[in-house]
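**Q**
2 protein chains.
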Amino acid sequence: MAELFHFPLCPFSRRIRLALVEIGYEVELTEERPWDRRQDFLVLNPAGSVPVLVENSGQIVAGVQALGEYLDELAASKSARRLIPGQVHARAEVRRLVEWFDVKFHTEVTWPIVHEKVDKRFMAIDAGGGGPNMDAVRAGRHNVRHHLQYIAYLTEQRRWLAGEDLSHADLAAAAHLSCIDFVGDVPWDEAPGAKQWYARIKSRPAFRPLLADKMRGLTPPETYADLDF
Amino acid sequence: MAELFHFPLCPFSRRIRLALVEIGYEVELTEERPWDRRQDFLVLNPAGSVPVLVENSGQIVAGVQALGEYLDELAASKSARRLIPGQVHARAEVRRLVEWFDVKFHTEVTWPIVHEKVDKRFMAIDAGGGGPNMDAVRAGRHNVRHHLQYIAYLTEQRRWLAGEDLSHADLAAAAHLSCIDFVGDVPWDEAPGAKQWYARIKSRPAFRPLLADKMRGLTPPETYADLDF
Numbered sequence: 396m397a398e399l400f401h402f403p404l405c406p407f408s409r410r411i412r413l414a415l416v417e418i419g420y421e422v423e424l425t426e427e428r429p430w431d432r433r434q435d436f437l438v439l440n441p442a443g444s445v446p447v448l449v450e451n452s453g454q455i456v457a458g459v460q461a462l463g464e465y466l467d468e469l470a471a472s473k474s475a476r477r478l479i480p481g482q483v484h485a486r487a488e489v490r491r492l493v494e495w496f497d498v499k500f501h502t503e504v505t506w507p508i509v510h511e512k513v514d515k516r517f518m519a520i521d522a523g524g525g526g527p528n529m530d531a532v533r534a535g536r537h538n539v540r541h542h543l544q545y546i547a548y549l550t551e552q553r554r555w556l557a558g559e560d561l562s563h564a565d566l567a568a569a570a571h572l573s574c575i576d577f578v579g580d581v582p583w584d585e586a587p588g589a590k591q592w593y594a595r596i597k598s599r600p601a602f603r604p605l606l607a608d609k610m611r612g613l614t615p616p617e618t619y620a621d622l623d624f
Numbered sequence: 396m397a398e399l400f401h402f403p404l405c406p407f408s409r410r411i412r413l414a415l416v417e418i419g420y421e422v423e424l425t426e427e428r429p430w431d432r433r434q435d436f437l438v439l440n441p442a443g444s445v446p447v448l449v450e451n452s453g454q455i456v457a458g459v460q461a462l463g464e465y466l467d468e469l470a471a472s473k474s475a476r477r478l479i480p481g482q483v484h485a486r487a488e489v490r491r492l493v494e495w496f497d498v499k500f501h502t503e504v505t506w507p508i509v510h511e512k513v514d515k516r517f518m519a520i521d522a523g524g525g526g527p528n529m530d531a532v533r534a535g536r537h538n539v540r541h542h543l544q545y546i547a548y549l550t551e552q553r554r555w556l557a558g559e560d561l562s563h564a565d566l567a568a569a570a571h572l573s574c575i576d577f578v579g580d581v582p583w584d585e586a587p588g589a590k591q592w593y594a595r596i597k598s599r600p601a602f603r604p605l606l607a608d609k610m611r612g613l614t615p616p617e618t619y620a621d622l623d624f
């Protein structure tokens, strides 16, 4: 079976795990802590980042950008469901929103919250580990509100974030938000439209394995895995 | 004519400018300073980032990830030269390296150097403008050496960074390095292999407009536009 190297609260790993289930590509999951910079892992991906897919053939596909596009090309070749659907401009809209979440949301929300509250618990002190910088966490909690409003705005006009079909844009947004939700920092009740969209994506079978993730020493709020949160 | 909103020393804008010339898509360039957060520009791209393409039809393609893929799909439809060439795994390799430069190189080198030495000159003080943080600049100068070594390593095995053909991986790498070169911070003589690769890409007609860019108050070193640097 193919093997996916991932970290449970890495939003990029989460997006690819969701995509793999959505297109019906079964993999074995191997947890990797990218900050350990394990030599055997650096051979697979010199950038040292997750996710990385190692196929049965030994072929390696490294990085979230490569994997997102690769899985869409694979789906096309098997006539499976596309996660970058439609014609060129519709596909550009999916990628605009993927960049929104993987760059803008990541910089403004995911990194300040997840790096401080999660990653640093597992990192050695001399590698930057330790207690969270609460100024960064507070900035992330402030910023997430704008993104929830934007999701609500998009879903007023479209069934899914990039159009009428589920796409990598939804998976990226949900992957990031689910990491923030794990540590209890998404104020869902302030953005009912975003909450409704998230309830729909959270109910998909692809989401179940993410909701079952365990992290030593961290307990997500009860609502995290609750489909009626 | 289509219009590309760009900033001269934005590496993402530079990559798309290079790609447009390489595939023969003529555009009018409009300079945009993304930190101004101009209202009319935010309508085109709510993320507020460059590059953004506005086509004759009025269709908008926003963001470097969307534009890189869009131009490849456009080239495919016109049987023009592909910048994400080859079969699925070769294409994944192009995208792995694009992510290397747009994320890793950008975080470790471009942002610490260009944001400090260039962007902050043009930003209002209350928006974060002012003199450069030289600790950040020094970190960027230190980090660029590892990336030059990696480029040299890749080009020992392949004609271009991702394989036998020029691709978005080369354009991304050259776009970032050209921004650092503009402010004189690339130690070319320490990495002859990387220098030879850069000399080849710098000699392409697509590179000429980048080498002619002017920035008020900033003079690039003489070697910047010299093809025999």
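Chains A and B supply the protein sequences, listed in that same order. Note that this note's numbering gives residue 407 to position 12 of the first sequence, counting from 1, and the numbers run on in steps of one. Note that this note's numbering gives residue 539 to position 144 of the second sequence, counting from 1, and the numbers run on in steps of one. By construction, the Cβ of each residue, glycine as well, lies at the ideal position given by its N, Cα and C atoms.
#1: To the nearest angstrom, report how far apart B/L605 and B/S573 are at their CA atoms.
#2: For A/G458, is the classification buried or exposed, using 16 other Cβ atoms within 10 angstroms of its Cβ as the cut-off for buried?
#3: Would a C-beta distance cut-off of 8 Å place A/V416 and A/A601 closer than the cut-off?
#4: So what's B/F400 in DSSP terms, helix, strand or just coil?
#5: With A/T502 as the anchor, note down where its beta strand (DSSP E) starts and where it stops.
#6: Can you pull the chain B residues whose beta carbon is under 8 Å from the beta carbon of A/Q454, in chain order?
#7: Is it buried or exposed, B/T505, if we count other Cβ atoms within 10 angstroms and call 16 or more buried?
#8: Strictly by DSSP, which residues pair up with B/I418?
#9: Determine the extent of the beta strand (DSSP E) in which A/A457 is found, giving its start and end residues.
#10: Does the distance from the C-beta atom of A/A557 to that of A/A564 stay below 8 Å?
#11: Which class does B/L439 belong to by DSSP, given the choice of helix, strand or coil?
#12: Please list, in chain order, the chain A residues whose beta carbon lies closer than 9 Å to that of B/W592.
#13: From the DSSP output, in three-state form, read off B/L469 for me.
#14: What are the boundary residues of the beta strand (DSSP E) that B/V449 is part of?
#15: Nearest by alpha-carbon distance to B/T614: which of B/I596, B/V578 and B/L622 is it?
#16: Verify the CB distance criterion: does B/W495 have a CB-CB separation below 8 Å to chain A?
#17: Sorted by chain position, which residues of the same chain lie with C-beta nearer than 6 Å to B/D555's C-beta, five sequence neighbours on each side aside?
#18: On a Cα-Cα basis, can you pick out the residue from B/K512, B/R536 and B/G535 that is closest to B/G526?
#19: Give me the chain B residues within the contact set of A/Y465, using Cβ-Cβ distance strictly less than 7 Å, ordered along the chain.
#20: Answer with buried or exposed for A/L466, where buried requires no fewer than 16 other C-beta atoms within 10 angstroms of its C-beta.
#21: Name the DSSP bridge partner or partners of A/W555?
#22: Classify A/V489: buried if its beta carbon has 16 or more other beta carbons within 10 angstroms, exposed otherwise.
#23: Can you tell me where the alpha helix (DSSP H) with B/E494 in it begins and where it stops?
#24: Closer than 7 Å, Cβ to any Cβ of chain A: which residues of the stretch 498-523 of chain B, in chain order?
#25: Would you kindly report the start and end of the unbroken alpha helix (DSSP H) that includes A/S573?
#26: How would you label A/S472, buried or exposed, when you count the other beta carbons within 10 angstroms and need 16 or more for buried?
#27: Compute the Euclidean distance between the alpha carbons of B/R412 and B/R476, then round it to the nearest angstrom.
#28: Applying a beta-carbon distance threshold of less than 7 Å, which residues of chain B neighbour A/L439?
#29: Would you mind working out which of B/V449, B/E551 and B/Q552 sits nearest B/H401, comparing C-alpha positions?
#30: Which of helix, strand or coil does DSSP assign to B/T614?
#31: Using a Cβ cut-off of 8 Å (strictly closer), state whether A/L469 contacts chain B.
#32: Under 8 Å between C-beta atoms, does A/Q434 make it to chain B?
#33: To which residues does DSSP link A/L424 through a beta bridge?
#34: Which bits of chain B does A/R491 rub up against, with CB to CB less than 7 Å?
#35: If you run the structure through DSSP and keep just helix, strand and coil, what is A/K515?
#36: Count the other C-beta atoms from every protein chain shown that fall within 10 angstroms of the C-beta of B/D584, then say buried if there are 16 or more, exposed otherwise.
**A** Looking at the atomic coordinates:
#1: 8 Å
#2: Its Cβ being crowded by 16 or more others within 10 Å, A/G458 is buried.
#3: yes
#4: In this structure, B/F400 counts as strand in the three-state DSSP scheme.
#5: Element bounds for A/T502: n/a, residue is neither H nor E.
#6: H484
#7: buried
#8: Note: B/I418 sits in no beta bridge, so no partner.
#9: I455 to A457
#10: yes
#11: helix
#12: Per Cβ cutoff of 9 Å: no residues; B/W592 is ~17 Å from chain A at best.
#13: helix
#14: V447 to V449
#15: B/V578
#16: yes
#17: Looking at the sequence itself, residue 555 of chain B is Trp, so the reference to Asp does not match. The beta carbon of B/W555 sits closer than 6 Å to the beta carbons of L561 and D565 from its chain, once the five residues preceding and following it are set aside; these are given in chain order.
#18: That would be B/K512, whose Cα lies nearest to the Cα of B/G526.
#19: V483 and A487
#20: buried
#21: According to DSSP, A/W555 bridges with A/G558.
#22: When all chains shown are included, A/V489 counts as buried.
#23: V483 to E494
#24: K499
#25: H563 to F577
#26: exposed
#27: Answer to the nearest angstrom: the Cα atoms are 15 Å apart.
#28: Simply none; closest approach about 11 Å.
#29: Minimum Cα distance to B/H401 is reached at B/V449.
#30: Note: B/T614 maps to coil in three-state DSSP.
#31: yes
#32: no
#33: A/L399
#34: A/R491 reaches chain B at A457, G458 and A461, counting residues in chain order whose Cβ is nearer than 7 Å.
#35: DSSP places A/K515 in helix when its eight states are reduced to three.
#36: exposed
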